[in-house]
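Below is one structure; the comments refer to it alone.
2 protein chains.
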Amino acid sequence: MKQNEGEKTMDFVVIGGDAAGMSAASRAKRNRPDIRVTVIEKTHDVSYSACGMPYNIADPSRPMEDLVVREADAFRKQGIAVLTGHQATRIDRTAKTVSGRTSEGNPFSVSYDALLIATGASPIVPDIPGLNLPGVTGVMVLKNLEDGRRIKNFIRDADVKRSVIIGMGYIAMEMCEAIRERHIHVSMIKPGPGLLPWMEPQLSEVVRQELESSEVALYPGVRILSVEPGEKGLVVHGEGVVIETDMIIVAVGVQPNSGIAIEAGLETSVRQSISTDGFLKTSDPHIYAAGDCADAFHAVTGEKVWIPLALRANRAGWAVADNVCGKPVSLPGIVGTAVFKVLGLEVARTGLTVQEAMAAGFHPVSGVIQSRSRAHAHPGASRIWVQMVADQKTGRLLGAQMVGGEGAAHRINAVAVALHSRMTVEDFSRTDLAYAPPFGPVWDPLLTAANQLLKKIAR
Amino acid sequence: MKQNEGEKTMDFVVIGGDAAGMSAASRAKRNRPDIRVTVIEKTHDVSYSACGMPYNIADPSRPMEDLVVREADAFRKQGIAVLTGHQATRIDRTAKTVSGRTSEGNPFSVSYDALLIATGASPIVPDIPGLNLPGVTGVMVLKNLEDGRRIKNFIRDADVKRSVIIGMGYIAMEMCEAIRERHIHVSMIKPGPGLLPWMEPQLSEVVRQELESSEVALYPGVRILSVEPGEKGLVVHGEGVVIETDMIIVAVGVQPNSGIAIEAGLETSVRQSISTDGFLKTSDPHIYAAGDCADAFHAVTGEKVWIPLALRANRAGWAVADNVCGKPVSLPGIVGTAVFKVLGLEVARTGLTVQEAMAAGFHPVSGVIQSRSRAHAHPGASRIWVQMVADQKTGRLLGAQMVGGEGAAHRINAVAVALHSRMTVEDFSRTDLAYAPPFGPVWDPLLTAANQLLKKIAR
């Protein structure tokens with residue numbers, strides 16, 4: 111390792127070898143080959159496409175390893191010390207060390223000059239009698255590659271015909287599609303009211319219809335009393351509902367893996383995510399946090415939020431690397447752009463919901479329009495719905511949601527950019543968006559939504 | 111017609127009954143039912159989707175009338191006087207009248223208080239011996255519904271097997287796809303060098319390969335000497351090339367129909383388009399111009415441009431209606447967002463090319479990246495290319511071009527919004543764009559392009 115004579119090189123240590131962690135490690139090494147970079151990862155997989163897991167599960171012919179973007183050895187060849195099978199359990203901020211145990215039970219300790227906590231998030235497992243993982247066969251979560259392998263193997267080995275998904279969020283929806291691809295019946299159950307409660311009701315109704323048209327049984331607002339072994343498989347006892355199943359996927363959401371940070375006395379914020387500033391620095395100037403374990407500023411409200419998403423994790427990882435290497439980078443906020451596919455629908459959102467806008471002190475006004483994905487008389491068009499939210503007082507655009515058969519996923523980005531630019535709805539309504547008959551009406555659905563919302567604002 | 115006692119109502123006259131004209135007429139009547147609105151249209155079709163014509167031609171089972179968005183009678187029922195078959199030939203700005211002749215040869219004259227010229231554009235027919243339309247059977251242009259009917263009928267009646275398209279622009283490309291759908295061989299020929307000369311060469315090469323993979327014969331940079339009758343059909347004599355064909359489509363571009371405005375002494379600008387201000391007013395305060403006959407300001411350069419596109423025509427029509435009705439509306443500039451589909455490719459652009467940026471006094475720097483339309487390991491991905499242009503001095507984003515199998519058309523809108531907001535490439539590179547495996551990589555191709563371009567700017 112090249113380093114300047116007589117000058118101590120820097121030790122950059124990363125806890126967590128997924129999106130944020132490996133992005134940071136790799137970029138830091140590229141930025142400054144003289145820095146010693148060490149990654150501590152509890153599993154044996156680094157740098158894989160976690161978001162791709164449902165699509166991999168959908169296809170029995172593809173190995174889970176397809177999702178590995180870069181093997182640990184490739185990082186090692188780059189000069190990064192990748193310690194897989196190493197569980198970090200403690201940060202000593204005075205001694206500046208991270209210690210823990212290997213999967214074989216051996217203790218380890220690593221010194222740092224700069225530390226990045228990129229421990230990600232963990233699936234929440236609700237407290238339901240009989241649901242205690244990993245004790246019960248056939249009850250699984252989907253977080254890391256090992257979880258993915260477990261689900262895939264179980265589907266194959268247990269000849270799964272019926273499944274229950276607990277939860278109705280993004281991952282639940284993507285898993286629903288994957289399991290339907292495998293010709294397995296899906297029941298979705300959640301105690302909270304409403305499918306996708308953040309969604310405008312007209313739009314979530316479209317999603318509901320799509321799920322039901324694919325014979326997915328939906329049980330929203332049903333408290334789950336217990337899970338018990340059945341004659342074959344498992345039985346889910348809900349209030350007024352009994353569902354026999356071969357497999358249960360728990361997908362009720364995730365929580366930040368901030369325990370190690372909290373124990374080290376670092377400040378936390380929303381949902382106990384690790385509090386960071388624009389430079390991704392925690393309350394300890396030698397420690398950064400990035401990815402699903404860390405919070406962020408919302409570019410629309412300026413307030414702290416915890417919205418764990420992959421792009422942010424990668425971007426924050428890069429920014430940490432630059433900051434560690436002495437190229438200060440402050441990230442602007444996020445706007446919470448998210449998209450998922452469920453069966454024949456694209457579902458997208460960015461910015462604030464009406465409820466979020468109210469909570470942030472805006473005076474939200476919103477409207478829903480229905481339009482088409484292709485021009486008048488163009489064959490193959492499907493319907494597309496747009497909800498747009500603005501501030502009544504200033505006319506500022508605050509957020510949008512879309513659902514449609516095609517063209518929702520990429521369209522949302524135009525609104526995301528507008529949110530970063532603090533555009534008004536009027537400004538947005540006058541943007542020069544693309545038009546050709548195969549891709550939309552002359553007035554893009556987003557412009558129609560903006561035009562309609564303008565009328566409400568003008569009132 | 112309802113009007114205030116003793117108060118003269120206003121006469122709003124529109125020349126041209128397509129996108130801009132009918133948008134203006136209809137909105138003016140909705141805004142203020144007391145206004146008398148008259149539309150003068152030389153053909154018998156109003157309010158149809160001109161851009162949809164290639165796709166209609168592609169399908170012999172669909173009548174051309176599918177493209178009519180709203181019949182003339184529907185506008186008449188709304189209280190608008192729609193004079194179809196009326197060719198306006200003269201504007202008397204002193205008497206404030208428009209006069210002309212009907213298709214039966216009868217003279218007419220209409221008085222106006224406010225006039226909108228929305229005469230559109232006409233196909234350019236190059237001066238080639240033997241190409242004089244409409245004298246030669248089998249040589250056609252595509253501008254209005256009647257042209258579309260003529261092409262469609264000719265394909266059916268003349269049993270067309272071979273075609274030549276003169277030109278390689280948007281409409282030429284769309285017609286190429288339409289004609290290939292009809293299993294007719296296509297040769298494309300143009301005297302100017304290069305397929306899509308405004309395109310970055312790597313990107314236009316992708317288009318060239320796509321055309322050739324569909325057995326389209328390309329003759330760029332070939333001067334056409336003459337068109338002559340052949341044994342069956344026609345023979346195109348180019349320099350070093352002889353092409354026998356059953357049909358010739360002339361699609362070398364369009365020019366603004368500004369003759370009537372020029373004769374009336376109104377100012378013109380780029381390519382003799384009618385000069386307008388932000389309120390769509392011409393040099394005569396009682397006369398507006400909108401749509402393909404009028405110019406516009408470019409939001410990136412602030413300079414006058416003539417970019418005839420459908421969304422602008424509709425939007426400008428609305429703005430004229432509002433202005434005529436006493437609700438002043440000034441439109442911001444356009445950014446020249448355009449998109450087309452050709453065979454299996456989506457092609458999109460917005461903002462300035464490197465050449466345009468230089469001409470406007472910027473110091474352009476640009477880069478091309480290749481990425482994928484779906485995430486790592488996600489099945490069904492196709493390649494996607496992005497060129498991005500920025501100003502080296504200020505880092506400002508100036509334009510982008512994209513080509514790809516999917517996901518280029520809607521993605522371009524994010525850049526269009528960024529151009530309206532005068533974002534820098536750095537700002538854009540930090541926007542929170544959507545990610546899910548079916549829709550793109552974690553780093554959207556646009557972000558990858560921005561990240562790469564940033565490195566060049568930083569140099």
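Residue numbers (our numbering), protein chains in the order written: chain A, 111 to 569; chain B, 111 to 569.
Just so you know, even glycine gets a beta-carbon here, dropped at the ideal spot from N, CA and C.
Tell me whether the beta-carbon of VAL513/A lies closer than 7 Å to the beta-carbon of VAL457/A. One thing to note: VAL513/A has its Cβ within 7 Å of the Cβ of VAL457/A.
Please determine, among SER232/B, GLU256/B, GLU291/B and GLY279/B, the residue with the shortest C-alpha to C-alpha distance to VAL270/B. For VAL270/B, the nearest C-alpha among the options comes from GLU291/B.
Between the Cα of SER221/A and the Cα atoms of GLY240/A, GLY131/A and ILE125/A, which residue gives the shortest distance? Of GLY240/A, GLY131/A and ILE125/A, the smallest CA-CA separation from SER221/A is found for ILE125/A.
Please identify the residue among LYS187/A, ARG172/A and LEU225/A whose C-alpha is closest to the C-alpha of ILE201/A. Ranked by how close their Cα comes to the Cα of ILE201/A, the residues LYS187/A, ARG172/A and LEU225/A have LEU225/A in first place.
Please check if any C-beta of chain A sits within less than 7 Å of the C-beta of ALA361/B. Under the Cβ distance rule, ALA361/B does not count among the residues neighbouring chain A, no pair being separated by less than 7 Å.
7 Å Cβ cutoff, CYS161/A in contact with chain B: Output row for CYS161/A: interface = yes.
When the Cα of ASP128/A is compared with those of ARG186/A, ALA568/A, VAL156/A and GLU349/A, which residue comes out closest? From the listed residues ARG186/A, ALA568/A, VAL156/A and GLU349/A, the smallest Cα separation to ASP128/A is found for VAL156/A.
For ILE397/A, which beta-bridge partners are listed by DSSP? Beta-bridge pairing links ILE397/A to LEU225/A.
Using the Cβ count rule (16 or more neighbours within 10 Å means buried), how would you classify ILE372/B? Exposed is the call here.
Whose C-alpha, out of ILE265/A, LEU241/A, GLU284/A and GLY131/A, is nearest the C-alpha of GLY454/A? With distances taken between CA atoms, GLY454/A lies nearest to GLU284/A out of ILE265/A, LEU241/A, GLU284/A and GLY131/A.
Please compile the residues from chain B whose C-beta is within a distance smaller than 7 Å of the C-beta of LYS451/A. One finds ALA546 and PRO548 in chain B with Cβ atoms closer than 7 Å to the Cβ of LYS451/A, taken in chain order.
Does chain A have any CB closer than 7 Å to the CB of THR541/B? When Cβ-Cβ separations below 7 Å define contact, THR541/B makes contact with chain A.
Using a C-beta cutoff of 7 Å, does ARG146/B count as contacting chain A? Taking Cβ atoms only, chain A never reaches closer than 7 Å to ARG146/B, which makes this a no.
Checking 7 Å against the spacing of the C-beta atoms, do GLY145/B and ALA135/B come in under that value? In the sequence on display, residue 145/B carries Ile and not Gly. Judged by their CB atoms, ILE145/B and ALA135/B are not nearer to each other than the 7 Å cut-off.
Quick one: is SER297/A buried, meaning 16 or more other Cβ sit within 10 Å of its Cβ, or exposed? The residue in question, SER297/A, is buried, as its Cβ has 16 or more Cβ neighbours within 10 Å.
Grouping DSSP H, G and I as helix and E and B as strand, with all else coil, what is SER323/A? Of the three classes helix, strand and coil, the one that applies to SER323/A here is helix, per DSSP.
Would you check if the segment 343-358 of chain B and the segment 321-335 of chain B touch, i.e. whether three or more CB-CB distances between them fall below 8 Å? Three or more pairs of CB atoms, one per stretch, sit closer than 8 Å, so the segment 321-335 of chain B contacts the segment 343-358 of chain B.
With a floor of 4 residues, list each alpha helix (DSSP H) that falls wholly inside the segment 226-268 of chain B, ordered by position along the chain. Taking only runs of at least 4 residues, the alpha helix (DSSP H) segments lying wholly in the segment 226-268 of chain B are 255-267.
Do you know whose CA, among THR411/B, GLY490/B, GLY509/B and ALA485/B, lies nearest VAL475/B's CA? Ranking the options by Cα distance to VAL475/B, first place goes to GLY509/B.
Could I get the ranges of all uninterrupted beta strand (DSSP E) runs contained in the segment 473-540 of chain B, with 3 residues as the minimum, in chain order? As far as the segment 473-540 of chain B is concerned, its whole beta strand (DSSP E) runs of at least 3 residues are 474-482, 493-501 and 507-514.
Could you tell me the distance, in whole angstroms, from the CA atom of SER393/A to the CA atom of GLN562/B? Spanning the two alpha carbons is a distance of roughly 32 Å.
Looking at the structure shown, is TYR329/A part of a helix, part of a strand, or coil, going by DSSP? Correct three-state label for TYR329/A: strand.
MET120/A and ASP183/A - do their beta-carbons sit closer together than 7 Å? At the C-beta level, ASP183/A and MET120/A stay beyond 7 Å of one another.
Below 7 Å on C-beta distance, what does MET533/B contact in chain A? What MET533/B touches in chain A: SER531.
At the level of alpha carbons, what is the spacing between PHE549/B and VAL499/B? Distance between the alpha carbons of PHE549/B and VAL499/B is about 24 Å.
Taking the straight line between their C-alpha atoms, what separation do you get for ARG482/B and ALA470/B? Here the alpha carbon of ARG482/B sits roughly 32 Å from the alpha carbon of ALA470/B.
So what's TYR545/A in DSSP terms, helix, strand or just coil? Three-state DSSP puts TYR545/A in coil, outside helix and strand.
Assigned secondary structure, LYS152/A (DSSP; H/G/I helix, E/B strand, else coil): Correct three-state label for LYS152/A: coil.
Quick test of your reading: ILE384/B and ALA406/B, contact by CB under 8 Å. State the CB separation rounded to the nearest angstrom. Rounded, the Cβ-Cβ distance is 11 Å, inconsistent with contact.
Exposed unless 16 or more other CB atoms sit within 10 angstroms - verdict on GLU377/A: Taking all protein chains shown into account, GLU377/A has fewer than 16 neighbouring C-beta atoms within 10 Å of its C-beta and is therefore exposed.
Starting from the Cα of GLY195/B, find the closest Cα among GLY446/B, LEU177/B and PHE218/B and give me that residue. Selected option, being the one with the closest Cα: PHE218/B.
Of the choices LEU313/B, ASN216/B, SER323/B and ALA327/B, whose alpha-carbon is the least far from that of GLY277/B? For GLY277/B, the nearest C-alpha among the options comes from ALA327/B.
Interface positions of the segment 386-407 of chain A facing chain B (Cβ-Cβ less than 9 Å), listed along the chain: Within the segment 386-407 of chain A, no residue qualifies.
Neighbour list for VAL316/B in chain A, Cβ cutoff strictly below 8 Å: The contacting residues do not exist; VAL316/B stays about 18 Å from chain A at best.
Between which residues of its own chain and ASN114/B is the CB-CB distance below 6 Å, once the five residues before and five after are set aside? Any reading at ASN114/B needs caution, since the residue's pLDDT is 45, under 50, leaving its predicted position unreliable; the model's value is listed next. The beta carbon of ASN114/B sits closer than 6 Å to none of the beta carbons in its chain outside the five residues before and after it.
Using 10 angstroms around the beta-carbon of ARG521/A, count the other beta-carbons present and answer buried if the total reaches 16, otherwise exposed. The residue in question, ARG521/A, is buried, as its Cβ has 16 or more Cβ neighbours within 10 Å.
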